[in-house]
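One structure is given below, encoded as structure tokens.
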Amino acid sequence: IYPLSGADSRGQPPEGNERREFTLYRSLPPVPTDAAPDFSRSYRIAAHVVIPDGGAEGVLVSDGTRFGGFVLYVKDNLLVYENDYSENRNILTSRVPVPRGRADLALEVTQARPGRWLPATARLYINGALAGEAQFARMAPGLSGTFNIGQARTSRVSPAYVMPFKFTGTLEKVDVQFP
Numbered sequence: 004i005y006p007l008s009g010a011d012s013r014g015q016p017p018e019g020n021e022r023r024e025f026t027l028y029r030s031l032p033p034v035p036t037d038a039a040p041d042f043s044r045s046y047r048i049a050a051h052v053v054i055p056d057g058g059a060e061g062v063l064v065s066d067g068t069r070f071g072g073f074v075l076y077v078k079d080n081l082l083v084y085e086n087d088y089s090e091n092r093n094i095l096t097s098r099v100p101v102p103r104g105r106a107d108l109a110l111e112v113t114q115a116r117p118g119r120w121l122p123a124t125a126r127l128y129i130n131g132a133l134a135g136e137a138q139f140a141r142m143a144p145g146l147s148g149t150f151n152i153g154q155a156r157t158s159r160v161s162p163a164y165v166m167p168f169k170f171t172g173t174l175e176k177v178d179v180q181f182p
């Protein structure tokens, strides 16, 4: 199963064969960050969920640890993205609540060029509608720990929740795309 990134044993992607799309499920075991998709470039993550009448909360996707990485989660009926760069925390929260029923919750991160610790624009979408946008001076992919779907496993990226902060709705799948 590893590496998801398509990298070889030295961590280098094969020339001309870099994966640009992944469909991941909650059953995915923790993936070491260095074997996970490479988030040091522009990307889009779309979580396809079902929110029960009573609401839901929890981690949709996390990559990294409290020392660096990102997490996309639902809390207090809002979609939240946090990116932690050496304890410099960037937080983007949706302006509208996550609706009940089927929902597509997405994060889009756009960088001018690939690389770690570069400026980027982050956008949240709920059912295709823009729900939040922010410019971040520095973005960090996970630097250690694990990449996870549906919960935090190794270490929490954000102090806003208690581990494992399992998603309490139905997480049908997560699509990751690299333009």
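Residue numbers for the sequence shown follow this note's numbering, beginning at 4 and rising by one.
Glycine included, C-beta positions come from ideal geometry on N, C-alpha and C.
Contacts around Arg105, its chain only, beta-carbon distance under 7 Å, and the 5 residues preceding and following it disregarded: Val53
At least three beta-carbon pairs within less than 8 Å, the segment 117 to 132 to the segment 82 to 89: yes
Distance, Ile94 Cα to Glu111 Cα: 14 Å
N- and C-terminal bounds of the beta strand (DSSP E) containing Phe25: Glu24 to Leu27
Where the beta strand (DSSP E) through Val83 begins and ends: Leu81 to Tyr88
Straight-line gap, Asp41 to Phe181 (C-alpha atoms, nearest Å): 9 Å
Proximity of Thr171 and Ala49 at Cβ, strictly below 7 Å: no
With 16 other Cβ atoms within 10 Å as the buried cut-off, status of Met142: buried
Member of Gly145, Trp120 and Ala155 whose CA lies at the smallest distance from the CA of Phe139: Trp120
Uninterrupted beta strand (DSSP E) stretches inside the segment 33 to 92 (no shorter than 3 residues): 46 to 54, 61 to 68, 71 to 78 and 81 to 88
DSSP three-state assignment for Ala109, whether helix, strand or coil: strand
Other residues of its chain near Glu24: CB distance less than 6 Å, five sequence neighbours each side excluded: Gln180
Rounded straight-line distance, which links the Cα of Gly72 to that of Arg44: 13 Å
Exposure of Thr149, with buried meaning 16 or more beta-carbon neighbours within 10 Å: buried
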